[in-house]
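Read in order, the letters of the sequence shown correspond to residues 3 to 83 in this note's numbering. We put the CB at the ideal spot given by N, CA and C, even for glycine.
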Amino acid sequence: MSAVIIRNLPPATHRALKARAARHGRSTEAEIREILEDAVRPPERAKLGSMLAEIGRRAGLQDDDLVFERDRTPAEPIRFE
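As structure tokens, then:
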């Protein structure tokens with residue numbers, strides 16, 4: 003695993019990092035690692051199905067509101083005339 007050295011970190015910033023780490027129950031090193039990972043990790047992709055379900059929930063839709071009769075009539079073949 004790689005190591006990174008941060009020079010000239012102001013004492014106030016170091017104290018703030020230590021306090022933040024304590025609030026999260028982590029070591030200062032683990033807190034800095036988490037901050038760096040959050041900064042460079044791409045945000046999670048929104049999944050289309052989840053987004054549509056959320057829209058339906060906000061609109062107050064129930065499963066029964068979206069029941070449609072399926073048309074089982076055979077499709078007409080395409081005519082190339």
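query	result
Coil, strand or helix - H16 by DSSP	helix
C-alpha distance - G27 paired with K49, whole-angstrom precision	32 angstroms
Contact belief for T30 with L19 at Cβ below 8 angstroms, rounded distance in angstroms	6 angstroms
Under 8 angstroms between C-beta atoms of E33 and R47	no
Where R72 sits in the DSSP three-state scheme	coil
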